[in-house]
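Below you'll find the structure, written out as structure tokens, and then a few comments.
Protein chains: 2
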Amino acid sequence: AIAAAAEALLAGQRDLAGLRILVTAGATQEALDPVRYLTNRSSGKMGYAIAEEAARRGAEVILVTGPTALEPPADVRVVRVTTAQEMYEAVLDAYPRVDVVIKAAAVADYRPKTVHAQKMKKGAETLVLELERTPDILQTLGERKAHQFLVGFAAETERVADYAQEKLKRKNLDLVVANDVTQEGAGFGADTNIVAVYDRDGLVAEWPKLPKREVAARLLSLIAQRVRRVS
Amino acid sequence: AIAAAAEALLAGQRDLAGLRILVTAGATQEALDPVRYLTNRSSGKMGYAIAEEAARRGAEVILVTGPTALEPPADVRVVRVTTAQEMYEAVLDAYPRVDVVIKAAAVADYRPKTVHAQKMKKGAETLVLELERTPDILQTLGERKAHQFLVGFAAETERVADYAQEKLKRKNLDLVVANDVTQEGAGFGADTNIVAVYDRDGLVAEWPKLPKREVAARLLSLIAQRVRRVS
């Protein structure tokens, strides 16, 4: 921690000092029974890279994370959750006390309506699984926004720019980071990402394929400029 | 590899030399769309421990594995698959050329009937997901059994002994390894396991909580005795 802090000081990169940043990362898991669950391909790498970089640059960081295979970054408060409901509660609990929220987690939109207490035995050739909506975390954060600066992610497979900007407006975000997860080197599982960043007025930045660490650094610089400007 | 072989020789543990053993491990993933999928809590640790120990004791090992966070063991041929269908094909392809099959993978019983080509957009409050059965690998292996020795796993949450023995008979297995995955220190994700082993005549062995490596060693000793006896 001391070496990282010294390095950041030498690099003049303490531009996030004094900011409390909440980062979410990874996928949630929604149980059907004690063994089976519904999830998605988020590895958590993007969110972990953001949390690590933000802490290195002086921010006080809370990382709310779904189950991942990653090592938690140094100097970050880690809150582990499994389901969308648990992530909702952890994020809402911290929300009043943070300046910036960066929601890099891929939260399940739907969960099984019934969670079986015992492992379901297979039987019929087909099975109907009823799903219900999970609480919409970003929507709630947008509705309850006071001083906070809200950054969302839009992982899409088509019409990426449209969907991302529509999401930004609908959820009252300050920035949205859009990526086409079907592109080679973008999105889930990869160590790189290819993103475009939008605000309410349109395109803010569009970057080539970069290591997720570098995407994190550039995104945090954009956020720092904007948060410092309004405060 | 040389060190491991030397160590095994010194320990007198080349009791599996000359045997070709197929091990399956991990969970399969069944896609709903390019982002979301259905899976289960299998970590792959039990299967990887068996593959590693079998190779160390001289067997020629093929490991057919779902996606896991584990390092592949040394001296093992690794075949990576994602879905139940892919695991079915990989296992059936190797089946005629192996002497023993140890099916430690937790294969999805059901998969979404429709896989959406694009990420589904959330909309309705509830959603109905139609699932269909995946091919039953163990059932097929049991039906096509010639010289092979078949070992299955039964991960249960209730009536463990009953379900396991019923599975052994229905699928024409030679041994079934049963565990109650609700027990502390047993089953998914843990580094230990608590199992009981059954054959057609009933209980063969029941072991206390042991490291998965030790469960693997004991299970392979049981298999070696039985395979050597019939050949």
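The listed protein sequences derive, respectively, from chains A and B. With positions in the first sequence counted from 1, the corresponding number in my numbering is that position plus 8. With positions in the second sequence counted from 1, the corresponding number in my numbering is that position plus 8. Ideal Cβ positions, reconstructed from N, Cα and C, are used throughout, including at glycine.
Check: Using the beta-carbon count (16 or more within 10 Å), is D209/A buried or exposed?
Finding: exposed
Margin query: On a Cα-Cα basis, can you pick out the residue from V31/A, L46/A and A102/A that is closest to E38/A?
Written below: L46/A
Check: Quick one: what's got a C-beta closer than 8 Å to V106/B's C-beta in the same chain, skipping five residues either side?
Finding: R28, I29, L30, I70 and Q156
Check: Using a Cβ-Cβ distance under 8 Å, would V43/B count as near chain A?
Finding: yes
Check: So A113/B packs on G34/B, CB below 8 Å; how close in whole Å?
Finding: 6 Å
Note to self: Any beta carbon of chain B sitting closer than 8 Å to that of K111/A?
What the structure shows: no
Notebook entry, point to check: According to DSSP, what are the bridge partners of G210/A?
Noted result: D207/A
Item checked: For K111/A: DSSP bridge partner residues -> Answer is T32/A and G160/A.
Notebook entry, point to check: On the three-state DSSP scale, how would you describe D101/B?
Noted result: It is helical.
Check: From the DSSP output, which residues share a beta bridge with L40/A?
Finding: Looking at the DSSP assignment, L40/A forms no beta bridge with any residue, so it has no partner.
Check: What are the complete alpha helix (DSSP H) segments, minimum 4 residues, inside the segment 125 to 176 of chain A?
Finding: 145 to 151
Check: What runs of the alpha helix (DSSP H), each 4 residues or longer, lie entirely inside the segment 55 to 94 of chain B?
Finding: Within the segment 55 to 94 of chain B, no complete alpha helix (DSSP H) run reaches 4 residues.
Item checked: Cβ-based burial, G55/A [other Cβ within 10 Å; buried from 16] -> buried
Margin query: So if I threshold CB-CB distances at 7 Å, which residues from the segment 129 to 157 of chain A count as touching chain B?
Written below: K130, E133, T134, L135, V136, L137, E138, L139, E140 and R141
Next item on the list: With a 10 Å radius around its C-beta and 16 neighbouring C-beta atoms as the bar for buried, classify P42/A as buried or exposed.
Entry: buried
Check: In whole angstroms, what separates the C-alpha of A204/A from that of G52/A?
Finding: Spanning the alpha carbons of A204/A and G52/A requires a straight line of approximately 19 Å.
Next item on the list: Within 10 angstroms of the Cβ of Q233/B, are there 16 or more other Cβ atoms? Answer buried if so, exposed if not.
Entry: exposed
Notebook entry, point to check: Taking the continuous beta strand (DSSP E) assigned at R119/A, which residues delimit it?
Noted result: Y118 to P120
Check: In whole angstroms, what is the alpha-carbon distance linking P80/B and D182/A?
Finding: 44 Å
Note to self: Using C-beta distances below 7 Å, list every residue in its chain close to H124/A, excluding the 5 sequence neighbours before and after it, in chain order.
What the structure shows: Taken in chain order, the residues that qualify are L40 and D41.
Checklist line | Reference V108/A; option with closest CA among K130/A, A163/A and L158/A | finding: L158/A
Margin query: Measuring alpha carbon to alpha carbon, tell me which residue in T142/B, E68/B and T148/B is nearest A132/A.
Written below: T142/B
Margin query: Pop quiz: Y184/A and A172/A are said to be a contact at Cβ under 8 Å. What is the actual Cβ separation, rounded to whole angstroms?
Written below: Reading off the sequence shown, one finds Val at residue 184/A, where the question assumed Tyr. With a Cβ gap of about 5 Å, V184/A and A172/A count as contacting.
Checklist line | Interface flag, T91/A vs chain B, CB-CB below 8 Å | finding: no
Check: Is A186/B helix, strand or coil by DSSP?
Finding: strand
Notebook entry, point to check: Hey, does E166/A have any beta-carbon neighbour from chain B nearer than 8 Å?
Noted result: yes
Next item on the list: Would you list, in chain order, the members of the segment 38 to 63 of chain A that have their beta-carbon closer than 7 Å to a beta-carbon of chain B?
Entry: P42, V43, R44, Y45, L46, T47, N48 and R49
Note to self: Give me the residue from A63/A, R22/A, K127/A and G74/A with the minimum Cα distance to D188/B.
What the structure shows: K127/A
Checklist line | Beta-carbon gap between K121/B and T134/A smaller than 8 Å | finding: yes
Item checked: DSSP beta-bridge partners of P219/A -> T200/A
Next item on the list: Identify whether L46/B lies in helix, strand or coil by the three-state DSSP scheme.
Entry: strand
Next item on the list: Please find out if some non-hydrogen atom of the ligand ZN comes closer than 7 Å to the beta-carbon of Q156/A.
Entry: The model depicted lacks the ligand ZN and carries no ligand whatsoever.
Notebook entry, point to check: Given D207/B, which residues of its chain have a CB within under 6 Å of its CB, disregarding the five upstream and five downstream residues?
Noted result: Here D207/B has L183 as same chain residues with Cβ atoms under 6 Å from its own Cβ, once five neighbours each way along the sequence are excluded.
Note to self: Please list, in chain order, the chain A residues whose beta carbon lies closer than 7 Å to that of D117/B.
What the structure shows: K130
Checklist line | Nearest neighbour of N180/A, chosen from R221/A, K130/A and K153/A [CA to CA] | finding: K153/A
Notebook entry, point to check: For the candidate residues R49/B, E60/B, R44/B and N48/B, whose alpha-carbon lies nearest to that of L228/B?
Noted result: Minimum Cα distance to L228/B is reached at E60/B.
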